[in-house]
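There are 2 protein chains.
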Amino acid sequence: LSMNTDQASNVRPILWEEGHLRLLDQRRLPHAVEYVDCRNAGAVAAAIREMVVRGAPAIGIAAAYGVVLAARTAYTKDPGQWRREIQDDLDRLAESRPTAINLHWALCRMRSAFEPIRGEPETELLGLAGKIHEEDIAANLRMSAFGAALIADSTRVLTHCNTGSLATGGFGTALGVIRAAFHAGTLQGVYATETRPWLQGARLTVWELQQDHIPVTLIADSAAHSLLAQRKAGWIIVGADRIAANGDVANKIGTYGLALSARHHGVGFMVAAPVSTFDPDTPSGAEIPIEDRDPAELIHCSGAALAPAGTSAWNPVFDVTPASLIDVIVTERGVIRQPDRDKIAALIGMR
Amino acid sequence: LSMNTDQASNVRPILWEEGHLRLLDQRRLPHAVEYVDCRNAGAVAAAIREMVVRGAPAIGIAAAYGVVLAARTAYTKDPGQWRREIQDDLDRLAESRPTAINLHWALCRMRSAFEPIRGEPETELLGLAGKIHEEDIAANLRMSAFGAALIADSTRVLTHCNTGSLATGGFGTALGVIRAAFHAGTLQGVYATETRPWLQGARLTVWELQQDHIPVTLIADSAAHSLLAQRKAGWIIVGADRIAANGDVANKIGTYGLALSARHHGVGFMVAAPVSTFDPDTPSGAEIPIEDRDPAELIHCSGAALAPAGTSAWNPVFDVTPASLIDVIVTERGVIRQPDRDKIAALIGMR
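Residue numbers (the numbering used here), protein chains in the order written: chain A, 11 to 361; chain B, 11 to 361.
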């Protein structure tokens, strides 16, 4: 069972092979292309927590496969009570990262399939996890077409973090839009922020765009403002980890500063995300839990300490961009210009 | 001859010892405290270019001592024509970094002493270089008192890059203001950006503040916007590499984005710089030359490649903040609120 399609890029971050989950180890990129084998839900939760796999949609898909492994374990332990036995593993998966809502969405969707299952659950649940995976790629392709049409007037755009194949089922949200615009012939190149502290831009986005021969220029995060002042990018395009009911967006730390700068310079600011990223139960950005990660991720780089021993650091890895700074949210169901509560409710209520 | 005073911090970045210039190697901090010995002007120019010494005022002081070494060489070569022989070395020093105007100011001041010299020039010029060095520390102390009074309402502030003893004669501009406010008892702690790509914040500012036991919390550059949104800092305080006649400020890349954010959040934005940083011959920021440095400085860290082979990068190391975003410029002669051409002309015309 392969979850990748021909339309997707050559990068295959999430595989189900030989009865278990294999995750491309994003901690080791771009220096090594290695997979981590996950044979139980605990291993999947650890891989999510330690960022073997990252990116909101990819986390959701990995967690869905994690439920398949959890169900196998639970059914082996007690075939009659697997729905009870699986609870601890579901909690473990749910708690692996706090900010991305796609994780909870995927777990909820998997759980909703439990009730009607008779006999062993693995086959049924693997089918659903595969469907979630395939739907994510299909959603990426649709939103990418919508987004590419919007940026047809720009030869260069700026993106932040990694939102490509590596962050999704295998195509990309913001980077999917960029990939589609490049293949449509309107986009000539991309500026990518390095994205401190984890360097998703330098390590992952540059690597992924190189695989697809899309020209990319790396910049320091803080050089983005000069780039906009010099009119070198026509749009900023980012993904999202959670979109509140009012359109506030939690995304990689630095997104908020880019949105402020885009508005100041009259540059368009686009968020590309699947509908699974919307969280109608979170009224606004103020209620989105923002993950603070270990300061060591900021203080160390490539195994070396950057700052002196005893350094204190604050390492929030997401921030909140208010809806008022967002020009358009692009989803697989269409686009929302000047997002607000009513427009979002209408879109996510659609079927 | 020691150029440091008791009022200055314990950090001694620039020394004249045993007849030559010794520069604390800022590439090696915080892991090693080592000095580079410069015995001729070419070595000083190389040390400036390669960032053994950095920070606009420190570059000016190092260059002044470089002129002493250049005069020695020229006088040894041809005592009667040393003013002609020295020209190549003066050009070499002038070309070592393009953005900081203090370098040109110091060279100009040294050169203005050439004419009346009779006999060997070294003694006279060393006296002047030492005076430039001591005056810089004295100017730091005066501007720090002015600045500290302005931020007396803030318990925490944010700074960018390194503007302390390491960047000056031995006390600091923005970090001098911070040091003075801490010793005055109003300031409780500092947020320091790591300052990519060269990590002046993580490597130098954290280290320097640790030496003085001033509490400091390191953040990623792009986390500054969340910090301000959460009202965790009352002021942003930065230095300057050049201030144009209209008050536009060239400073470390990222300063402009911080200024935009400060204005958006209603947080004060202060520039602390000696009068030697003003360049009346540059009408506005648009005419300030901005140094693009080797992309390798962005792509490599601690000797390891961060991005894949073949990565293209744009690495401007300064940006321009328009005067309209600056609330106050603090100098050793006093403060300029809402800087403009007339206020600046009045201040730098003062004697």
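From the three backbone atoms N, C-alpha and C, an ideal C-beta is built for every residue, glycine too.
About 6 Å separates the CB atoms of B:D350 and B:G257; that is less than 8 Å, so the two are in contact.
Across the structure, B:P318 and A:A202 are spaced so that their CA atoms are roughly 13 Å apart. For B:I96, no alpha helix (DSSP H) encloses it, and the DSSP letter there is neither H nor E. B:R347 is bridged by DSSP to B:V338. Contact with chain A is absent for B:V200, since none of that chain's Cβ atoms lies less than 7 Å from the residue's Cβ. Note that the C-beta distance between A:M61 and A:T341 is not below 7 Å. Chain-order list of chain B residues neighbouring A:L316: E204, L209, A212, R213, C311, S312, by C-beta distance under 8 Å.
Under the Cβ criterion of 7 Å, A:H235 is counted among the residues facing chain B.
Within the stretch 152–175 of chain B, no residue has a Cβ lying closer than 8 Å to any Cβ of chain A. Close CB contacts of A:R37 within its chain, under the 8 Å cut and outside five residues either way in sequence, are with E60, M61, V62 (chain order). Residues of chain B with a Cβ closer than 7 Å to the Cβ of A:L270 are, in chain order, H235, L270, S271, H274.
Distance from B:V338 to B:E301 at the Cβ level is roughly 26 Å; contact not present, criterion being Cβ atoms closer than 8 Å. With its beta carbon less than 7 Å from one in chain B, A:Y266 belongs to the interface. Residue pairing from DSSP places B:F328 in a beta bridge opposite B:K262.
Within 8 Å of the CB of A:G140, no CB atom of chain B is found; the nearest one sits about 31 Å away. Taking the Cβ atoms as the reference, A:V216 lies roughly 11 Å from A:T169, outside the contact range of under 8 Å.
In the DSSP assignment, the residues bridged to A:F288 are A:I253. For B:T321, the nearest beta carbon of chain A is closer than 7 Å to its own beta carbon.
For B:C171, the three-state secondary structure derived from DSSP is coil. Looking at A:E95, A:G295, A:V78, the one whose alpha-carbon comes closest to that of B:Q240 is A:G295.
The shortest CA-to-CA distance from A:E44 to any of A:A260, A:R22, A:A81 is the one to A:R22. In the three-state DSSP reduction, B:S322 falls in the strand class (E or B). The C-alpha of B:G180 is placed about 6 Å away from the C-alpha of B:I147. In the three-state reduction of the DSSP assignment, A:R241 falls in the coil class. Apart from sequence neighbours up to five positions away, the residues of its chain that approach B:W245 with a beta-carbon distance below 7 Å are I161, S164, V167, V277, G278, M280, ordered along the chain.
Proximity to A:T265 across A:A42, A:A191, A:I336, A:R94 peaks at A:I336, based on C-alpha coordinates. A:D222 is outside the set of residues whose beta carbon lies under 7 Å from a beta carbon in chain B. The beta carbon of A:V285 sits no closer than 7 Å to any beta carbon of chain B. Separation of A:H223 and A:L100 (C-alpha to C-alpha, rounded to the nearest whole angstrom) is 40 Å. Burial is judged here by how many other beta carbons sit within 10 angstroms of a residue's own beta carbon; A:P299 has fewer than 16 and is exposed. Here B:M153 carries a helix assignment [DSSP, helix/strand/coil]. Here B:Q91 is exposed. Its C-beta has fewer than 16 other C-beta atoms within 10 Å.
Contact between B:A282 and B:G186 holds: CB atoms are separated by about 7 Å, below the 8 Å threshold.
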